[in-house]
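**Q** For the sequence shown, numbering that gives the first Met the number 0 gives the first residue as 0, with consecutive numbering after it. Using N, Cα and C, we set each Cβ at its ideal position, and we do this for glycine too.
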Amino acid sequence: MPHLKTIEWVDDKVRIIDQTQLPVNLAYVDITTIEEMFEAVKTMKVRGAPAIGVAAAFGLYLGIRDLPDNESMSNFITELKKKAEYLASSRPTAINLKWAIDRMQASFHSIEDTLTIANVKQILLEEAGHILVEDKKSCKAIGENGFEILKDYNTLLTHCNAGGLATVEYGTALSPVYIGKEKGKVFHVYVDETRPLLQGARITAFELKEAGIPVTLICDNMAAPVMAQGKIDAVIVGADRITANGDFANKIGTYSLAIIAKAHSIPFYVAAPLSSFDISLKTGNEIPIEERDADEIIHGFDCRTSPSDIQVYNPAFDVTPNKYVTAIITEKEVIYPPFEESISEVTAGGLLI
Ligand code: MRU
């Protein structure tokens, strides 16, 4: 259903939509080196937790593909680890990035003694391809599971972009909306603008409009009165990292949205693949929160919007405590409170699906 190609492997290159140019230009960029991929992730040409996981997997392959095939395996692995650490430092909050990088490194581990470097390179490329294909499948399954819960609602509110452009295809929070459209149910989606980088306005509103879904854009500070006016049946957002107790990090502004949803007795859903869970962390207090450049706030989109030389605090994400979450929709099942127990059950078989 969503037809925009967020990220693809084409002609030995990674092709991404440059999301910094949306919605004015739908421009594609080809990435051929790990350094270019680092820059694309850091500057958010490619963004959204699952999409940066896929990007990192291919980025790691790009980082090792030109290493000599006749090196020793231990030197090759040392180089691979260095490149993995470098890529993992591009953005700290979404666990999908590290998950994909770890999975790439584990892909040949058990059999490395019998493999040549050329074999390992091929395995790494194939593994990146598997991660991409699995992301498509998981997001579609999230949509199917989410639709079952949301199908009796008509209006949804979302924050930031957890749609197709944040993943390979269907998205997480927007996947039930796309699955709904395929089944003949059309939701009306209210979209928070999402300051400072306007992912809601620039990206979510763009992709929903492209898909023919009715959209109403609101500024972030309008969500409470819009809820009070009875315009919202349910809130659904994505996640960058979910801890063992169900706390989760998502785009800054999600926490306040969760509080005001609770104040209006509106259900609040999180949609995320198992690759967004970090059960090594007990609570959301342990999640590293990315802080971005002050310029995004005082000089966004080529226009100065405040006096210069002032102090600015620009955390890109916040943590929503589990008590505000009605349910977490995954590709495997929908998880309900108490989250400590349900998350431990759903992740019992491991997170490498
Ligand atoms: O800074 P961004 O644009 O990468 O932040 C994206 C979000 O916060 C998304 O909601 C999250 O990654 C989930 S994407 C399916």
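(1) Find out if the Cβ-Cβ distance for the pair alanine 161, threonine 171 is shorter than 8 Å.
(2) Can you tell me whether phenylalanine 300 is buried or exposed, with buried defined as 16 or more other CB within 10 angstroms of its CB?
(3) Would the segment 236-243 count as touching the segment 203-213 if we require 3 or more Cβ pairs under 8 Å?
(4) Tell me whether the beta-carbon of valine 318 lies closer than 8 Å to the beta-carbon of alanine 248.
(5) What residues does the ligand MRU have around it, judged by CB closer than 5 Å to any heavy atom, in chain order?
(6) Look up lysine 97 in the DSSP assignment and say whether it is helix, strand or coil.
(7) Would you kindly work out how many angstroms separate the C-alpha atoms of tyrosine 254 and tyrosine 268, rounded to a whole number?
(8) Taking 7 Å as the cut-off, does the CB of glycine 299 come closer than this to any heavy atom belonging to the ligand FMN?
(9) Give me whichever residues DSSP pairs with alanine 248 in a beta bridge.
(10) Between which two residues does the beta strand (DSSP E) containing aspartate 29 stretch?
(11) Look at the Cβ atom of leucine 3, then the Cβ atom of glycine 199, and state whether they are nearer than 8 Å.
(12) Near threonine 218, which residues of its chain fall below 7 Å by C-beta distance, leaving aside the five closest residues on each side in sequence?
(13) Which of the three DSSP states, helix, strand or coil, is assigned to glutamate 7?
(14) State the start and end residues of the unbroken beta strand (DSSP E) segment that holds histidine 129.
(15) May I have the straight-line CA-CA distance separating lysine 184 from histidine 158, to the nearest angstrom?
(16) For isoleucine 63, report the span of its alpha helix (DSSP H) as first-last.
(17) Would you check if the distance between the CB atom of threonine 92 and the CB atom of phenylalanine 338 is smaller than 8 Å?
(18) Spatial neighbours of isoleucine 352 within its chain, please: CB distance less than 7 Å, with the 5 preceding and 5 following residues excluded, ordered by chain position.
(19) List the endpoints of the continuous beta strand (DSSP E) containing isoleucine 15.
(20) Using the beta-carbon count (16 or more within 10 Å), is leucine 123 buried or exposed?
(21) So, for aspartate 29: in the same chain, excluding its five sequence neighbours on each side, which residues have a beta-carbon less than 6 Å away from its beta-carbon?
(22) In the DSSP assignment, find the unbroken beta strand (DSSP E) run with alanine 222 in it and report its ends.
(23) Could you check the C-alpha separation between aspartate 10 and glutamate 340 for me, to the nearest Å?
(24) Do isoleucine 296 and arginine 303 have their beta-carbon atoms positioned less than 8 Å apart in this structure?
(25) Could you check if glycine 62 is buried or exposed, using at least 16 other CB atoms within 10 Å of its CB as the buried criterion?
(26) What first and last residue would you give for the alpha helix (DSSP H) that runs through phenylalanine 37?
(27) Per DSSP, which residues does alanine 233 bridge with? Please list them.
(28) Between asparagine 321 and alanine 293, which are expected to be in contact by the criterion C-beta below 8 Å, what is the C-beta distance as a whole number of angstroms?
(29) Answer with buried or exposed for aspartate 277, where buried requires no fewer than 16 other C-beta atoms within 10 angstroms of its C-beta.
(30) Is it true that the CB of lysine 135 sits closer than 8 Å to the CB of valine 167?
(31) For asparagine 95 and glycine 52, which I take to be in contact (beta-carbon distance under 8 Å), what is that distance rounded to the nearest angstrom?
(32) For glycine 179, which residues in the same chain have their Cβ closer than 6 Å to its Cβ, ignoring the five residues on either side in sequence?
(33) Using a 10 Å radius around the Cβ and a threshold of 16 neighbouring Cβ atoms, would you call glycine 348 buried or exposed?
(34) Between which two residues does the alpha helix (DSSP H) holding tyrosine 169 run?
(35) Using the C-alpha atoms, what's the distance from arginine 90 back to tryptophan 8?
**A** Considering the structure as presented:
(1) On the sequence shown, residue 161 is found 162 positions in, with the first residue counted as 1. On the sequence shown, residue 171 is found 172 positions in, with the first residue counted as 1. Going by C-beta atoms, alanine 161 is nearer than 8 Å to threonine 171.
(2) Taking the first residue of the sequence shown as position 1, residue 300 is located at position 301. The residue in question, phenylalanine 300, is exposed, as its Cβ has fewer than 16 Cβ neighbours within 10 Å.
(3) Segments in contact, no.
(4) As a working note, residue 318 is residue 319 in the sequence shown. As a working note, residue 248 is residue 249 in the sequence shown. A contact, by the Cβ cut-off of 8 Å.
(5) Listed along the chain, these residues meet the criterion: Arg46, Gly47, Ala48, Cys159, Ala161, Ala165, Thr171, Gln198, Gly237, Asp239, Asn249 and Lys250.
(6) In the sequence shown, the residue the question calls residue 97 occupies position 98. Reduced to three states, the DSSP call for lysine 97 is helix.
(7) In the sequence shown, residue 254 corresponds to position 255, counting from 1. In the sequence shown, residue 268 corresponds to position 269, counting from 1. In this structure, the CA atom of tyrosine 254 is about 12 Å from the CA atom of tyrosine 268.
(8) For the ligand FMN, the structure offers nothing, since it holds only the ligand MRU.
(9) On the sequence shown, residue 248 is found 249 positions in, with the first residue counted as 1. For alanine 248, which the question treats as bridged, DSSP gives the partners Arg240 and Val318.
(10) Numbered from 1 along the sequence shown, position 30 holds the residue referred to as residue 29. The continuous beta strand (DSSP E) containing aspartate 29 extends over residues 27-30.
(11) Working through the sequence shown from its first residue, we reach residue 3 at position 4. Working through the sequence shown from its first residue, we reach residue 199 at position 200. Result no, Cβ atoms of leucine 3 and glycine 199 do not sit closer than 8 Å.
(12) The residue you call residue 218 lines up with position 219 of the sequence shown. For clarity, residue 218 is cysteine in the given sequence; the question names threonine instead. Correct list, in chain order: Glu192.
(13) Residue mapping note: residue 7 aligns to position 8 of the sequence shown, counting from 1. For glutamate 7, the three-state secondary structure derived from DSSP is strand.
(14) Position 130 of the sequence shown holds residue 129. Careful: histidine 129 lies outside any beta strand (DSSP E), inside the alpha helix (DSSP H) at 116-149.
(15) In the sequence shown, the residue the question calls residue 184 occupies position 185. In the sequence shown, the residue the question calls residue 158 occupies position 159. Between lysine 184 and histidine 158, the alpha-carbon positions lie close to 21 Å from each other.
(16) For this step, residue 63 is matched to residue 64 along the sequence shown. Per DSSP, the continuous alpha helix (DSSP H) segment holding isoleucine 63 begins and ends at 48-63.
(17) The residue given as residue 92 occupies position 93 in the sequence shown. The residue given as residue 338 occupies position 339 in the sequence shown. A distance of 8 Å or more separates the beta carbons of threonine 92 and phenylalanine 338.
(18) Here residue 352 corresponds to residue number 353 of the sequence shown, with the count starting at 1. Confidence at isoleucine 352 is low in this model, with a pLDDT of 42, below 50, so the placement of that residue is unreliable and no value is reported for it.
(19) What you label residue 15 is simply residue 16 of the sequence shown in a count that begins at 1. Note, isoleucine 15: beta strand (DSSP E), 12-16.
(20) Residue mapping note: residue 123 aligns to position 124 of the sequence shown, counting from 1. Per the 10 Å Cβ criterion, buried.
(21) By one-based count along the sequence shown, residue 29 stands at place 30. Lys12 and Arg14, listed in sequence order.
(22) For the purposes of this step, residue 222 is taken as residue 223 along the sequence shown, with counting starting at 1. For alanine 222, there is no enclosing beta strand (DSSP E); the residue is found in the alpha helix (DSSP H) stretching over 222-227.
(23) Numbered from 1 along the sequence shown, position 11 holds the residue referred to as residue 10. Numbered from 1 along the sequence shown, position 341 holds the residue referred to as residue 340. Answer to the nearest angstrom: the Cα atoms are 45 Å apart.
(24) Here the question's residue 303 lines up with position 304 in the sequence shown. Here the question's residue 296 lines up with position 297 in the sequence shown. Cβ distance not < 8 Å, so arginine 303 and isoleucine 296 don't count as in contact.
(25) Working through the sequence shown from its first residue, we reach residue 62 at position 63. Residue environment for glycine 62: buried (at least 16 other C-beta atoms within 10 angstroms of its C-beta).
(26) Here residue 37 refers to the residue found at position 38 when the sequence shown is read from its first residue. Boundaries of the alpha helix (DSSP H) around phenylalanine 37: 33-41.
(27) Residue mapping note: residue 233 aligns to position 234 of the sequence shown, counting from 1. Partner(s): Leu155.
(28) The count along the sequence shown starts at 1 and reaches residue 321 at position 322. The count along the sequence shown starts at 1 and reaches residue 293 at position 294. Contact doesn't hold; Cβ gap of about 31 Å is too wide.
(29) Against the sequence shown, residue 277 aligns to sequence position 278. So aspartate 277 ends up on the buried side.
(30) For the purposes of this step, residue 167 is identified with residue 168 of the sequence shown, where counting begins at 1. For the purposes of this step, residue 135 is identified with residue 136 of the sequence shown, where counting begins at 1. Yes, Cβ-Cβ distance for valine 167 and lysine 135 is below 8 Å.
(31) Position 96 of the sequence shown, counted from the first residue, corresponds to residue 95. Position 53 of the sequence shown, counted from the first residue, corresponds to residue 52. Yes, asparagine 95 and glycine 52 are in contact; Cβ-Cβ is about 3 Å, under 8 Å.
(32) To locate residue 179, count along the sequence shown from 1; it is residue 180. Counting only Cβ-Cβ distances below 6 Å, and skipping sequence neighbours, we find Phe146 and Phe186.
(33) Here residue 348 refers to the residue found at position 349 of the sequence shown. Here glycine 348 is exposed: its Cβ has fewer than 16 other Cβ atoms, across all protein chains shown, within 10 Å.
(34) The residue given as residue 169 occupies position 170 in the sequence shown. First-last for tyrosine 169: undefined, no H or E at that position.
(35) The residue you call residue 8 lines up with position 9 of the sequence shown. The residue you call residue 90 lines up with position 91 of the sequence shown. C-alpha separation (whole angstroms): 22 Å.
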